[in-house]
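For the record, the sequence lines run as chains B and Y. All residue numbers for the first sequence refer to our numbering, where the first residue is 1 and numbers rise by one. All residue numbers for the second sequence refer to our numbering, where the first residue is 1 and numbers rise by one. Even for Gly, the Cβ is constructed at its ideal location relative to N, Cα and C. First the structure, in the form of structure tokens, and then the observations on it.
There are 2 protein chains.
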Amino acid sequence: MHVMSEEEWKGFLVAEPHTGKLATTRKDGRPHVAPIWYDLDLDGSIIFTTGAETLKGKALRRDPRACLCVDDERPPFSFVIIEGAVDLSEDLDDLLLWATRIGGRYMGAGSAEAFGRRNAVPGELLVRLRPGHVVAQAAIAG
Amino acid sequence: MHVMSEEEWKGFLVAEPHTGKLATTRKDGRPHVAPIWYDLDLDGSIIFTTGAETLKGKALRRDPRACLCVDDERPPFSFVIIEGAVDLSEDLDDLLLWATRIGGRYMGAGSAEAFGRRNAVPGELLVRLRPGHVVAQAAIAG
Numbered sequence: 001m002h003v004m005s006e007e008e009w010k011g012f013l014v015a016e017p018h019t020g021k022l023a024t025t026r027k028d029g030r031p032h033v034a035p036i037w038y039d040l041d042l043d044g045s046i047i048f049t050t051g052a053e054t055l056k057g058k059a060l061r062r063d064p065r066a067c068l069c070v071d072d073e074r075p076p077f078s079f080v081i082i083e084g085a086v087d088l089s090e091d092l093d094d095l096l097l098w099a100t101r102i103g104g105r106y107m108g109a110g111s112a113e114a115f116g117r118r119n120a121v122p123g124e125l126l127v128r129l130r131p132g133h134v135v136a137q138a139a140i141a142g
Numbered sequence: 001m002h003v004m005s006e007e008e009w010k011g012f013l014v015a016e017p018h019t020g021k022l023a024t025t026r027k028d029g030r031p032h033v034a035p036i037w038y039d040l041d042l043d044g045s046i047i048f049t050t051g052a053e054t055l056k057g058k059a060l061r062r063d064p065r066a067c068l069c070v071d072d073e074r075p076p077f078s079f080v081i082i083e084g085a086v087d088l089s090e091d092l093d094d095l096l097l098w099a100t101r102i103g104g105r106y107m108g109a110g111s112a113e114a115f116g117r118r119n120a121v122p123g124e125l126l127v128r129l130r131p132g133h134v135v136a137q138a139a140i141a142g
């Protein structure tokens with residue numbers, strides 16, 4: 001096993017379009033986790049969009065504390081777990097910029113604009129997860 | 001997008017050795033998520049092992065409510081989210097049986113026994129997540 005440096009885990013997060021698995025806490029304390037598409041900002045923040053009325057959106061508006069896991073499911077297995085707090089924005093210009101980038105990252109350049117337009121609308125939230133505590137391990141088995 | 005039937009999501013969970021991302025709630029309410037290796041029992045329960053003193057182990061001993069996400073990160077993207085409660089066991093025979101199966105699933109038959117022996121020891125927990133609410137969607141984009 002190899003503990004990733006900050007440079008390594010940032011590289012891991014963007015090298016391939018892995019999905020992130022975002023954990024939030026429900027109002028009654030139950031945990032929830034769902035896949036998200038994300039991109040990384042220059043300062044190391046994880047950026048994604050979600051609907052304000054989705055389970056994720058409601059949980060993050062109630063409590064900004066979140067945890068994200070991104071892993072490589074193939075041997076020798078690697079993962080990054082990021083805990084931190086989120087900032088939420090409804091700025092449509094920022095939403096368009098990031099949703100377009102994120103759409104391109106997962107669906108290819110040809111689908112980026114359409115994805116951006118669809119997600120830069122009122123009712124969508126731009127979420128910025130600022131890394132607090134990070135656990136990042138490469139080659140954990142095999 | 002296609003909503004998976006129970007037969008379909010059970011098949012998805014075992015068709016390829018995806019890792020599961022297990023969400024738990026920390027004592028202070030913060031969410032946590034970490035990758036796990038799992039297998040599926042005949043009754044649809046998700047089975048995995050974890051150390052009793054790990055973050056996951058301590059969280060599940062305090063509160064049995066958990067949520068697991070397994071997804072296909074490639075287009076057209078599919079995911080299964082399982083919410084439920086866990087039963088914990090320290091039975092070493094059951095631990096050996098399941099840890100061996102799980103090791104074989106992720107590392108190949110040649111590594112199954114060694115993985116089983118390493119994880120069927122005092123201090124390890126066998127966790128059985130009984131599916132309560134399941135959201136399972138195939139081909140969500142593209």
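Looking at C-alpha atoms only, which residue of the options is the closest neighbour of residue i?
i, options, result
"Gly21/Y", "Gly132/B, Glu73/B and Phe115/B", "Per the sequence shown, residue 21/Y should be read as Lys rather than Gly. Lys21/Y has its Cα closest to that of Glu73/B, out of Gly132/B, Glu73/B and Phe115/B."
"Glu90/Y", "Asn119/Y, Phe115/Y, Phe79/Y and Ala109/Y", "Asn119/Y"
"Leu129/Y", "Lys58/Y, Ser45/Y, Glu8/Y and Arg105/Y", "Ser45/Y"
"Val121/B", "Ile140/B, Tyr106/B, Leu92/B and Met107/B", "Leu92/B"
"Leu60/B", "Ser111/B, Leu125/B, His18/B and Gly132/B", "Leu125/B"
"Val164/B", "Arg26/B, Phe12/B, Lys10/B and Thr49/B", "Within the shown structure, residues of chain B are numbered from 1 to 142, placing residue 164/B beyond reach of any answer."
"Lys10/Y", "Ser78/Y, Gly123/Y, Lys56/Y and Pro31/Y", "Ser78/Y"
"Met107/Y", "Ala141/Y, Glu16/Y, Ala139/Y and Glu8/Y", "Glu16/Y"
"Glu7/B", "Ile36/B, Tyr38/B, Val33/B and Leu42/B", "Leu42/B"
"Leu88/Y", "Met1/Y, Ile47/Y and Ile140/Y", "Ile47/Y"
"Ala99/B", "His2/B, Gly51/B and Ser5/B", "Gly51/B"
"Trp37/B", "Phe115/B, Pro64/B, Gly110/B and Met4/B", "Phe115/B"
Consult DSSP for residue i and reduce its assignment to one of helix, strand or coil.
i, result
"Gly123/Y", "coil"
"Ile140/B", "coil"
"Asp94/Y", "helix"
"Leu42/Y", "coil"
"Arg105/Y", "helix"
"Lys10/B", "helix"
"Gly110/B", "helix"
"Gly29/Y", "coil"
"Thr54/Y", "coil"
In terms of DSSP beta bridges, what is residue i paired with?
i, result
"Asp71/Y", "Phe79/Y"
"Pro131/Y", "Gly84/Y"
"Val3/B", "Gln137/B"
"Arg65/Y", "Ala85/Y"
"Lys21/Y", "Pro35/Y and Cys69/Y"
"Phe48/B", "Val127/B"
Residues in the stretch 122 to 136 of chain B with C-beta within 7 angstroms of chain Y's C-beta atoms, listed in sequence order? Among the residues of the stretch 122 to 136 of chain B, none has a Cβ less than 7 angstroms away from any Cβ of chain Y.
Output, in sequence order along the chain, the residues in the stretch 64 to 92 of chain Y whose CB is closer than 8 angstroms to any CB in chain B. Within the stretch 64 to 92 of chain Y, the residues whose Cβ lies closer than 8 angstroms to some Cβ of chain B are Arg65, Ala66, Cys67, Leu68, Cys69, Asp71, Glu73, Pro75, Phe77, Phe79, Ile81 and Glu83, listed in chain order.
Contact residues within the stretch 18 to 49 of chain B, judged by C-beta distance below 8 angstroms to chain A: Checking the listed chains, one finds no chain A in this structure; the protein chains it contains are B and Y.
Inter-stretch contact at 8 angstroms, needing at least 3 Cβ pairs: the stretch 21 to 35 of chain Y / the stretch 110 to 119 of chain B: No: fewer than three Cβ pairs fall under 8 angstroms.
With 9 angstroms as the C-beta to C-beta threshold (strictly closer), list the residues of the stretch 104 to 117 of chain Y near chain B in chain order. Of all residues in the stretch 104 to 117 of chain Y, only Tyr106, Met107, Gly108, Ser111 and Phe115 place a beta-carbon less than 9 angstroms from a beta-carbon of chain B.
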